[in-house]
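K.L.:
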Amino acid sequence: AVATTMESTPPGTGRTRRSPWRVVVGGGLASAVSPGPIALSTLSLFVVPITLEMGFGRTVVTSAYTVGAIGVAIGTVFVGRLLSTFTVRHILIPSFILFGLSVMAIGLTPPNIALYYLPYFLLGIFGSGTILPLIKAVVSWFDNKRALASGVYAAITAVGSSNIPLLAGLLIAGFGWRGAYFVLGMIP
Numbered sequence: 004a005v006a007t008t009m010e011s012t013p014p015g016t017g018r019t020r021r022s023p024w025r026v027v028v029g030g031g032l033a034s035a036v037s038p039g040p041i042a043l044s045t046l047s048l049f050v051v052p053i054t055l056e057m058g059f060g061r062t063v064v065t066s067a068y069t070v071g072a073i074g075v076a077i078g079t080v081f082v083g084r085l086l087s088t089f090t091v092r093h094i095l096i097p098s099f100i101l102f103g104l105s106v107m108a109i110g111l112t113p114p115n116i117a118l119y120y121l122p123y124f125l126l127g128i129f130g131s132g133t134i135l136p137l138i139k140a141v142v143s144w145f146d147n148k149r150a151l152a153s154g155v156y157a158a159i160t161a162v163g164s165s166n167i168p169l170l171a172g173l174l175i176a177g178f179g180w181r182g183a184y185f186v187l188g189m190i191p
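Under the numbering used here, think of the first position of the sequence shown as 4, with each following residue one higher.
1) Between which two residues does the alpha helix (DSSP H) containing residue 129 stretch?
2) Can you name, in chain order, every residue of its own chain whose Cβ lies under 6 Å from the Cβ of residue 187, other than the five neighbours on each side?
3) Quick one: any contact between the segment 116-123 and the segment 25-36, if contact means 3 or more CB pairs under 8 Å?
4) Do you know whose CA, among 173, 87, 141, 47, lies nearest residue 25's CA?
5) Given residue 35, which residues of its chain have a CB within under 6 Å of its CB, disregarding the five upstream and five downstream residues?
6) Cα separation between residue 102 and residue 44?
7) Label residue 143 either buried or exposed according to how many other C-beta atoms from any shown protein chain fall within 10 Å of its C-beta, with 16 as the threshold for buried.
8) For residue 158, does the count of other Cβ atoms within 10 angstroms reach 16, so buried, or fall short, so exposed?
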């Protein structure tokens, strides 16, 4: 049976009853600190400091976005398969931890292009484990109000993720680009 009321649980979980809107709000907030907002939408803020310190051209620096997106594309296929076997929690928790560590690793990279791209690829791979599970968690709690729940989830994600670039700019100004990546990696 699929949940249809405001006070319910996902089918077959055996958990106590609580409001599914908590999952929507929590999922939206978690999504606001996923790969898109934390690493990919802030990359443009890091172009100048990385270019100056590492000696890379702007194309090399911004191509990290493509490398991260390829990691997400590859990782999402595996996460989809894992979601058929494991619970959302068992995928989401390690994925957020490994994603955060991958973001921190960006700040540790030496001026070597392959080593610069590696953490972006890894954040894409591990970050993909933060995307699908959150969507599954939200939609599994709803039947009749699934579209509304998805809309609220997306709105919370948008509002939250719009603040991450502002935070990244302040962190770069205060700690430099390497320190900013370290702090951004601790947020998820």
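Beta carbons are placed, not taken as given, at the ideal position from N, Cα and C, and that holds for glycine.
P.N.:
This is what the structure holds:
1) Where residue 129 is concerned, the enclosing alpha helix (DSSP H) stretches over 116-130.
2) Sequence-distant Cβ neighbours of residue 187 in its own chain, meaning closer than 6 Å and more than five residues away, are 41, 106.
3) No, the segment 116-123 is not in contact with the segment 25-36.
4) Taking only the C-alpha atoms, the option nearest residue 25 is 141.
5) For residue 35, the CB contacts under 6 Å within the same chain, skipping 5 residues up- and downstream, are 160, 163, 164 in chain order.
6) Rounded to the nearest whole angstrom, the CA to CA distance from residue 102 to residue 44 is 15 Å.
7) Counting the other CB atoms within 10 Å of its CB gives residue 143 a total of 16 or more, which places it among the buried residues.
8) Per the 10 Å Cβ criterion, exposed.
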